[in-house]
Amino acid sequence: MTTHIPSLAVVIPCYNEEEMLPKTLATMLALRDAMIAKGKINQDSKIYLVDDGSKDKTWKILNEEAANNSALVAIKLSRNKGHQNALYAGLCTTTEDITVSIDADLQDDPQNIELMVDEYLKGHDVVYGVRSARHTDTFFKRFTAEGYYHLMKKMGVDLVFNHADFRLLSRRALDSLKQYGEANLFLRGLVREVGYPSSTVEYERQAREAGESKYPLKKMLSFAWKGITAFSTAPLRMITVLGILSGFASFSLIVWVLIVRFFTDSATPGWASVLLPLLFIGSVQLLCLGIIGEYLSKIYEEVKKRPKFHISDIVNKKD
Ligand code: UDP
Ligand code: MG
Numbered sequence: 001m002t003t004h005i006p007s008l009a010v011v012i013p014c015y016n017e018e019e020m021l022p023k024t025l026a027t028m029l030a031l032r033d034a035m036i037a038k039g040k041i042n043q044d045s046k047i048y049l050v051d052d053g054s055k056d057k058t059w060k061i062l063n064e065e066a067a068n069n070s071a072l073v074a075i076k077l078s079r080n081k082g083h084q085n086a087l088y089a090g091l092c093t094t095t096e097d098i099t100v101s102i103d104a105d106l107q108d109d110p111q112n113i114e115l116m117v118d119e120y121l122k123g124h125d126v127v128y129g130v131r132s133a134r135h136t137d138t139f140f141k142r143f144t145a146e147g148y149y150h151l152m153k154k155m156g157v158d159l160v161f162n163h164a165d166f167r168l169l170s171r172r173a174l175d176s177l178k179q180y181g182e183a184n185l186f187l188r189g190l191v192r193e194v195g196y197p198s199s200t201v202e203y204e205r206q207a208r209e210a211g212e213s214k215y216p217l218k219k220m221l222s223f224a225w226k227g228i229t230a231f232s233t234a235p236l237r238m239i240t241v242l243g244i245l246s247g248f249a250s251f252s253l254i255v256w257v258l259i260v261r262f263f264t265d266s267a268t269p270g271w272a273s274v275l276l277p278l279l280f281i282g283s284v285q286l287l288c289l290g291i292i293g294e295y296l297s298k299i300y301e302e303v304k305k306r307p308k309f310h311i312s313d314i315v316n317k318k319d
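Residue numbers (my numbering): 1 to 319.
Written out as structure tokens, the structure is:
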């Protein structure tokens with residue numbers, strides 16, 4: 001599909017990564033040179049490093065390195081905005097033909113970038129890095145992470161299994177992605193929304209070499225919850241279903257209470273007059289909440305103002 005040699009941008013969000021950066025920069029620059037030498041990417045290719053409000057020497061290192069090397073672009077955010085926003089800031093700054101996003105800790109083997117570019121050259125707009133094995137993750141991390149993908153699927157959210165934020169985007173895929181104006185960024189979900197021909201590259205995820213994870217359990221849970229609430233109205237729909245089910249249950253119970261009250265002697269005085277309104281009001285309330293939820297989910301879809309389509313190909317259109 002592509003005949004000219006494309007320019008590549010690699011976007012790396014960095015938060016307190018001073019221990020990792022020397023190695024990351026050396027690896028990325030060597031990879032860039034090797035790919036240029038092989039004629040896969042052109043000389044205009046660059047590495048974008050986004051300092052996400054780090055408190056250590058991350059910015060000092062980036063600033064100095066970028067001053068001495070025109071292949072590096074250093075970007076400093078005004079404060080810590082979180083991984084997804086830092087990544088997005090980098091994506092919005094690139095102008096190259098293709099953009100690859102990767103973490104600073106090299107847990108996702110950068111050698112795969114070359115395979116991703118090969119997939120791009122075959123005509124794919126999006127190439128997902130997929131973890132084939134999680135040997136280096138703890139059992140807990142693997143179990144929760146994989147369970148999460150299954151849960152999201154059940155809620156109707158289209159995610160690529162075991163894919164995080166290591167991916168390649170063509171210029172048109174990235175431009176389409178930038179049309180999404182939402183504040184709660186969950187990029188791996190949005191990229192699926194964007195569409196276009198896609199492919200995957202499988203790799204084994206390594207352990208972090210230096211520094212520590214910037215995603216403690218609390219942040220991980222809040223990110224997982226953000227993914228659900230930014231993409232699915234299933235929890236709201238569950239209220240409606242619950243309301244209907246409790247409506248049926250209450251109705252049966254009400255019949256039972258009436259039978260006990262009028263056809264047996266075992267009803268204590270006051271029992272039916274307390275229980276009947278309780279059952280009735282309880283299920284009516286749940287049903288009403290469900291109805292509000294249904295409207296809320298429509299408002300939720302509307303305020304997102306997501307683009308309704310992206311044209312992938314068009315044949316014989318008159319100007
Ligand atoms: N990161 C960031 N801002 C944050 C937290 C993390 O830019 O607030 C970056 C971090 O420097 C790394 C990437 O996001 O490049 C992924 O973080 P990490 O490797 O700590 O996450 P994990 O691999 O443990 O899930
Ligand atoms: Mg990591």
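Note that the Cβ used here is the ideal one computed from N, Cα and C, for glycine as well.
message: According to DSSP, simplified to helix, strand and coil, what is residue 157?
response: Counted from its first residue, the sequence shown places residue 157 at position 157. Of the three classes helix, strand and coil, the one that applies to residue 157 here is coil, per DSSP.
- prompt: Short check: CB of residue 203 to CB of residue 109, under 8 Å?
  reply: For the purposes of this step, residue 203 is identified with residue 203 of the sequence shown, where counting begins at 1. For the purposes of this step, residue 109 is identified with residue 109 of the sequence shown, where counting begins at 1. Going by C-beta atoms, residue 203 is nearer than 8 Å to residue 109.
query: Expressed to the nearest angstrom, what Euclidean distance is found between the alpha-carbon atoms of residue 261 and residue 254?
result: For this step, residue 261 is matched to residue 261 along the sequence shown. For this step, residue 254 is matched to residue 254 along the sequence shown. Each residue's Cα considered, the two are about 10 Å apart.
query: Taking DSSP as the reference, what is the three-state secondary structure of residue 135?
result: One-based indexing of the sequence shown puts residue 135 at position 135. In the structure shown, residue 135 sits in coil (DSSP, three-state: anything other than H, G, I, E or B).
task: Would you please state the rounded distance, in angstroms, between the beta carbons of residue 184 and residue 133? I believe it to be under 8 Å.
output: Within the sequence shown, the letter at position 184 stands for residue 184. Within the sequence shown, the letter at position 133 stands for residue 133. Not really, about 31 Å apart at Cβ, beyond 8 Å.
- prompt: Since residue 131 contacts residue 162 with CB under 8 Å, what's their CB separation in whole angstroms?
  reply: Here residue 131 refers to the residue found at position 131 when the sequence shown is read from its first residue. Here residue 162 refers to the residue found at position 162 when the sequence shown is read from its first residue. Their Cβ separation, rounded to whole angstroms, is 4 Å, which keeps residue 131 and residue 162 in contact under 8 Å.
- request: With DSSP as the reference, please indicate the residues paired to residue 13 in a beta bridge.
  value: In the sequence shown, the residue the question calls residue 13 occupies position 13. In DSSP, residue 13 forms a bridge with 50.
message: Nearest by alpha-carbon distance to residue 236: which of 292, 165 and 124 is it?
response: Your numbering for residue 236 matches position 236 in the sequence shown. Considering only alpha carbons, the answer is 292.
message: Quick check on the DSSP output: the alpha helix (DSSP H) that includes residue 204 runs from which residue to which?
response: Taking the sequence shown and counting its residues from 1, the one referred to as residue 204 is at position 204. It is not in any alpha helix (DSSP H) - residue 204 instead sits in the beta strand (DSSP E) that spans 198-204.
query: If you drop the 5 nearest sequence neighbours on each side, which residues of the same chain put their C-beta closer than 7 Å to that of residue 233?
result: For the purposes of this step, residue 233 is taken as the residue at position 233 of the sequence shown. 297 and 300, listed in sequence order.
field: Segments of 4+ residues assigned as alpha helix (DSSP H) that fall wholly inside the segment 21-68
entry: List check, alpha helix (DSSP H) in window: 21-37 and 58-68.
Residue 288 classed as buried or exposed, judged by whether at least 16 other C-beta atoms fall within 10 angstroms: Translated into the one-based positions of the sequence shown, residue 288 becomes position 288. Exposed.
message: Closer than 7 Å to a non-hydrogen atom of the ligand MG - does that hold for the CB of residue 84?
response: The residue given as residue 84 occupies position 84 in the sequence shown. Residue 84 Cβ: outside cutoff for every heavy atom of the ligand MG.
task: Provide the residue(s) that pair with residue 98 in DSSP beta bridges, ordered along the chain.
output: Along the sequence shown, read from residue 1 onward, the residue named residue 98 stands at position 98. Paired residue(s): 8 and 170.
- request: For residue 1, I'd like the list of residues in its chain whose CB is within less than 8 Å of its CB, leaving aside the five on either flank, ordered along the chain.
  value: Here the question's residue 1 lines up with position 1 in the sequence shown. For residue 1, the predicted model reports a pLDDT of 47, less than 50, meaning its position is unreliable and no value from the coordinates is stated.
query: Is residue 125 near the ligand MG, with its Cβ less than 7 Å from a heavy atom?
result: As a first step, residue 125 is located in the sequence shown; it is residue number 125 there, counting from the start. Residue 125: no, Cβ never under 7 Å from the ligand MG.
message: Three Cβ pairs or more, each shorter than 8 Å: is that satisfied between the segment 35-44 and the segment 7-23?
response: yes
- prompt: Beta-carbon separation of residue 71 and residue 63 under 8 Å?
  reply: Position 71 of the sequence shown, counting from 1, holds the residue named residue 71. Position 63 of the sequence shown, counting from 1, holds the residue named residue 63. Not a contact, by the Cβ cut-off of 8 Å.
field: Rounded separation between residue 103 and residue 13 - CA only
entry: By 1-based counting over the sequence shown, the position of residue 103 is 103. By 1-based counting over the sequence shown, the position of residue 13 is 13. C-alpha separation (whole angstroms): 6 Å.
- prompt: Is residue 137 near the ligand MG, judged by its Cβ being under 7 Å from some heavy atom?
  reply: As a position in the sequence shown, residue 137 is number 137, starting the count at 1. No; taking the cut-off as 7 Å, the Cβ of residue 137 has no heavy atom of the ligand MG nearer than that.
query: DSSP state of residue 314, grouped into three classes?
result: Mapped onto the sequence shown, residue 314 falls at position 314. Reduced to three states, the DSSP call for residue 314 is coil.
- request: State buried or exposed for residue 303, treating a residue as buried only when at least 16 other CB atoms are found within 10 Å of its CB.
  value: Residue 303 sits at position 303 when you count from the first residue of the sequence shown. With fewer than 16 other Cβ atoms within 10 Å, it is exposed.
- request: Inspect the beta-carbon positions of residue 194 and residue 168 and report whether they are closer than 8 Å.
  value: On the sequence shown, residue 194 is found 194 positions in, with the first residue counted as 1. On the sequence shown, residue 168 is found 168 positions in, with the first residue counted as 1. Their beta carbons are not under 8 Å apart, which means residue 194 does not touch residue 168 by this criterion.
- request: Can you grab the Cα-Cα spacing for the pair residue 4 / residue 190, in whole Å?
  value: Counted from its first residue, the sequence shown places residue 4 at position 4. Counted from its first residue, the sequence shown places residue 190 at position 190. Straight-line Cα distance between these residues: approximately 29 Å.
- request: Please report how far the alpha carbon of residue 215 lies from the alpha carbon of residue 128, in whole angstroms.
  value: Here residue 215 corresponds to residue number 215 of the sequence shown, with the count starting at 1. Here residue 128 corresponds to residue number 128 of the sequence shown, with the count starting at 1. Their backbone Cα atoms lie some 21 Å apart in a straight line.
field: Cβ pair residue 209, residue 23 closer than 8 Å
entry: Numbered from 1 along the sequence shown, position 209 holds the residue referred to as residue 209. Numbered from 1 along the sequence shown, position 23 holds the residue referred to as residue 23. In contact: residue 209 and residue 23 (Cβ atoms closer than 8 Å).
- request: Can you check DSSP and say which residues form a bridge with residue 88?
  value: By one-based count along the sequence shown, residue 88 stands at place 88. According to DSSP, residue 88 bridges with nothing at all.
- prompt: Which of the three DSSP states, helix, strand or coil, is assigned to residue 72?
  reply: Within the sequence shown, residue 72 is the residue found at index 72, counting from 1. Strand, per DSSP.
task: Measure the CB-CB distance between residue 56 and residue 16 and report whether it falls below 8 Å.
output: Residue 56 sits at position 56 when you count from the first residue of the sequence shown. Residue 16 sits at position 16 when you count from the first residue of the sequence shown. For residue 56 and residue 16, yes; Cβs fall inside 8 Å.
- request: Give the DSSP-derived three-state secondary structure of residue 1 in the structure shown.
  value: Working through the sequence shown from its first residue, we reach residue 1 at position 1. Residue placement at residue 1 cannot be trusted, given a pLDDT of 47 that sits under 50; the coordinates are not used to answer.
- prompt: CB of residue 367 to nearest heavy atom of the ligand UDP: below 7 Å?
  reply: This structure cannot speak to residue 367, because the chain is shown only from 1 to 319.
message: Quick check: what's the CA-CA separation for residue 50 versus residue 19?
response: Numbered from its first residue, the sequence shown carries residue 50 at position 50. Numbered from its first residue, the sequence shown carries residue 19 at position 19. So the alpha carbons of these two residues sit roughly 16 Å apart.
- prompt: Are the segment 261-279 and the segment 303-316 touching by the rule of at least three beta carbon pairs closer than 8 Å?
  reply: No, they do not touch.
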